[in-house]
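In what follows, a structure is listed as structure tokens, so that the remarks can point back to it.
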Amino acid sequence: MRVLTTGLGWNELQPGGLNRYYVDYNQALKQYGHSEFGLVVAEQNAELQTSLNITNAAGSGIWSRIRAVRHHTVKAVESFRPDVFNPHFALYASMVSRNSLPSHIPIVTHFHGPWALESKMEEGGKPRIVREARYLIKKQVEQVTYRRSDRFIVLSEYFRDILSNNYGIDHSKIHIIPGAVEHERFTPHPDRPALRAKLGIAPGQKLLFCARRIVRRMGIDRLIDAMQTVVREHPGSRLYIAGDGPMRSEYEQQIVRLGLSANVRMLGRVSNEELVEWYQAADYSIVPTITLEGFGLVTIESMACGTPVFGTPYGGTNEILRQVSSDLLFEDGTAEAMSGKLISALNGRLTLPTREACREHVLQRYTWSSVAGAVTDVFREAQEIRRKGVASR
């Protein structure tokens, strides 16, 4: 099957959950036997280092990028002759109208989250009337894109409900196919003590790790607050936070203000290789997201490396961790709930899954081969719906 996909950005240049998913997803389609052709928006003149059939539809501004994606999509329809159109980001697919595609080609949209609502939450410093106006415009753009879709794929029950309740999409059109992890790369380290020594972690020292985009809704500030209490009881414990974003400077100041500089460190953007090492070395990973956590790729990446994950009981994080152990879920998203749970874990008062059990859980549920098979079934269903629709005209 020839699958034409459109994404957001290129993960090597713009790290993020959607972008990483998009790269691994296209690789999985290729390995499954599909012919893939993808479009992403990266920096102008940037060369994408990949063996995948993916083009950079760059533009100098937002509307230029949208037009570039449409231009390349129309060209791909003529040259690549896709069997399925599979967009992953509503804004960049918004100008690819139903008339841009032959009537027999279904549109199967991946819903990675409510872009308008996420943007509204990240614009907290703007006047309310401005945020509301921008939100409504962005939501209209999303709805235009979704209105023309034949079927949808979401990564969790949580996102299925948002897609249905916020955008009016019927449940019968939505398929839940959880994300997956590149389990041959995200794997336990053969010599954790040596790795921890390399990273500067002393023997017996407790290492907590958090990998997140540094934006307000990720709850990083609450986790930093929680470390005040954790450090009082476990002064040798360390928290390392990987990632970058608009709130980084504010959170670095928070660490200094709370006197946590010796115990909490923000690493900034780390390479894929470094990310794996931090997962492998950590005693626990933490996912403190307050809201709009559609799946939580970092959760299964950490567990694939053998490291248990503590997370807030919301969205996709809740759906993943509740299958492993309820002890891995904070009672809520407050700093008090986080510190209480972490102290209990560091004191050995919780019965947590072993490192082997964490990895096995991922291997049984979150592999790319199973994702590719399930996605293919959705593609075939959408094709059949299109065939019937065309035949009935």
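Just so you know, we're using our numbering here: the sequence shown kicks off at 88 and counts up by one. Ideal Cβ positions, reconstructed from N, Cα and C, are used throughout, including at glycine. Values in this document were obtained by computation on a predicted structure and should not be read as measured data.
Under the DSSP assignment, M353 falls in the beta strand (DSSP E) whose first and last residues are 351 to 355. Taking the CA atoms as reference points, L286 sits about 18 Å from G393. When the beta-carbon positions are compared, R247 and I263 come within less than 8 Å of each other. Looking at R352, I472, L126, I224, the one whose alpha-carbon comes closest to that of D331 is R352. By the Cβ criterion, the stretch 263 to 280 is in contact with the stretch 446 to 466, since at least three pairs of Cβ atoms, one from each stretch, lie closer than 8 Å.
Taking C-beta atoms as the reference points, F397 and L415 count as a pair closer than 8 Å. In the DSSP annotation of this structure, C392 is not part of any alpha helix (DSSP H), being labelled neither H nor E.
Under the three-state reduction of DSSP output, I373 falls in the strand class.
A368 carries a helical assignment under DSSP once its states are collapsed to helix, strand and coil.
Residue range 238 to 241 is occupied by the beta strand (DSSP E) that includes F239. Taking a cut-off of 8 Å for Cβ pairs, the stretch 407 to 426 and the stretch 306 to 314 touch, as three or more such pairs fall below it.
When secondary structure is reduced to three states using DSSP, Y327 falls in the strand class. Two segments are said to touch when three or more pairs of C-beta atoms, one from each, lie closer than 8 Å; by this definition the stretch 88 to 98 touches the stretch 116 to 125. The shortest CA-to-CA distance from E361 to any of T463, C297, N405 is the one to C297. Under the three-state reduction of DSSP, A298 is assigned to strand.
The beta carbon of E209 lies closer than 6 Å to those of V302 in the same chain, with the five residues before and after it left out.
One Cα belongs to M305, the other to N186, and the distance between them is close to 39 Å. N143 sits in a strand when the DSSP states are folded into three classes.
Our two residues, R356 and L100, have alpha carbons roughly 11 Å apart in a direct line. Assignment of T196 by DSSP, reduced to helix, strand and coil, places it in the strand class.
I256 has no beta-bridge partner at all, per DSSP. Of the candidates L135, V128, R157, the residue whose Cα lies closest to the Cα of S147 is V128.
Look at the beta carbons and you see the stretch 194 to 201 not touching the stretch 151 to 166: under three pairs across the two are nearer than 8 Å.
For a cut-off of 8 Å, the C-beta gap from A163 to A145 is around 16 Å, too long to register as a contact. Between V317 and L429 the beta-carbon gap is near 5 Å, inside 8 Å, which marks them as a contact. For L416, DSSP records a beta bridge to G398. Residue pairing by DSSP places V171 opposite V90 in a beta bridge. The beta-carbon distance between L135 and K117, rounded to whole angstroms, is 15 Å. This is too long to meet the 8 Å contact definition.
Following the DSSP letters along the chain, one finds G427 inside the alpha helix (DSSP H) bounded by residues 422 to 433. Annotation: E123 is outside any alpha helix (DSSP H); the continuous beta strand (DSSP E) that includes it extends over 122 to 127. Where H262 is concerned, the enclosing beta strand (DSSP E) starts and stops at 261 to 263. Between I240 and V462, the alpha-carbon positions lie close to 8 Å from each other. Short of 7 Å from the beta carbon of A203, and not among the five residues preceding or following it, lie these beta carbons of its own chain, in chain order: Y222, K225, K226, E229.
With respect to the 8 Å criterion, G381 and S243 are classified as neighbours on the basis of their beta carbons.
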